Amino acid sequence: MRNKILWSEETKIELFGLNGKRHVWRKPGTARHLANTIPTVKHGGGGIMLWGCFSAAGTGRLVRMEGKMNAAMYRDILDEDLLQNVLDLRLGRRFILQQDNNPKHTAKITKEWLRDNSVNVLEWTSQGPDLNPIEHLWRDLKMAVQRRSPSNLMELERSCREEWEKLPKNRMLEHNDEDDEDDTEVLSVVCVVFSDRLRHVRGGIKARF
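Numbering-wise (the working numbering), the sequence shown opens with residue 2 and increments by one.
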């Protein structure tokens, strides 16, 4: 059953805010030399908002969002990109969509679209830690993009798309092994035991924890 789950989420990636700290090796007394300085950009140089998804079959297409995302924009993503990702990843019509409880995900127009298109939605906890394994892929993506040091938003977007496609299919399980014991146990429940924990509820899917 877990192979039918399509995990999804939005994230923001900053152009120069990716790095946090950057280091320069220099000789004593040369701190102010131009070659040993890193230019800064006011307000971090901007960033881009992305929607992404993945399943056991691999990553779906990244969607760049312009401006602040609302329910109407999210519905458009579902309409234009969700089902295409399902086809690309060969999930079949019985796939299960995971999304968190952000208001745009639970808005009336979103629920109507999901119902009209017969999409099963994984019931998600409204409180507690974020259990979505896509968080680990976002972290991998940001680290990979950081290493490429894009200098403008166009390069940032291109780097994101290229590095997203390079992420290995088994990355989610690898991250489970890297986490501390508590997180590993929680994510193991989410990622491995769905076949024993899922049941149909009113035509949808509900996870019992």
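Positions of the beta carbon are idealized from the N, C-alpha and C atoms, including for glycine.
Values in this document were obtained by computation on a predicted structure and should not be read as measured data.
{"Item": "Closest to ASP89 by CA distance: which of VAL146, GLU164, GLY59 and ARG159 is it?", "Value": "GLY59"}
{"Item": "Does DSSP put LEU154 in a helix, in a strand, or in coil?", "Value": "helix"}
{"Item": "Would DSSP call GLY48 helix, strand or coil?", "Value": "strand"}
{"Item": "If you pair each beta-carbon of the stretch 134–145 with each one of the stretch 161–170, do three or more pairs fall below 8 Å?", "Value": "yes"}
{"Item": "For THR111 and THR31, what's the separation of their Cα atoms in angstroms?", "Value": "57 Å"}
{"Item": "Excluding the 5 residues preceding and the 5 following PHE4 in the sequence, name in chain order all residues of the same chain whose CB lies nearer than 6 Å to its CB.", "Value": "Residue identity differs from the one stated: residue 4 is Asn in this sequence, not Phe. These residues qualify, in order along the chain: ALA57."}
{"Item": "Can you tell me which of the three DSSP states HIS24 falls into?", "Value": "At HIS24, the pLDDT of 49 sits below 50, so the modelled position is not reliable and the matter cannot be decided from this model."}
{"Item": "What residue does the alpha helix (DSSP H) around GLU136 start on, and which one ends it?", "Value": "135–149"}
{"Item": "ARG62: which of ARG76, GLY53 and GLY68 sits nearest, CA to CA?", "Value": "GLY53"}
{"Item": "In angstroms, rounded to a whole number, what distance separates the CA positions of GLN100 and SER152?", "Value": "32 Å"}
{"Item": "In this structure, what does DSSP give as the bridge partners for SER9?", "Value": "CYS54"}
{"Item": "In the DSSP assignment, what residue or residues form a beta bridge with THR107?", "Value": "In DSSP, THR107 forms no bridge with anything."}
{"Item": "May I ask you to report which of helix, strand or coil DSSP gives ASN121?", "Value": "strand"}
{"Item": "On the three-state DSSP scale, how would you describe GLN99?", "Value": "strand"}
{"Item": "What residues in its chain sit with their C-beta under 7 Å from that of LYS105, if we drop five residues either side in the sequence?", "Value": "MET70, ASN71, ALA72, TYR75 and THR111"}
{"Item": "Per DSSP, which one or two residues make a beta bridge with GLU15?", "Value": "GLY48"}
{"Item": "Give me, in chain order, the residues of the same chain whose beta-carbon lies closer than 8 Å to that of LEU157; leave out the 5 immediate sequence neighbours on both sides.", "Value": "ILE14, LEU16, GLY48, ILE49, VAL146 and PRO151"}
{"Item": "For THR126, count neighbouring C-beta atoms within 10 Å of its own C-beta (all shown protein chains included) and say buried if the count is 16 or more, exposed if not.", "Value": "exposed"}
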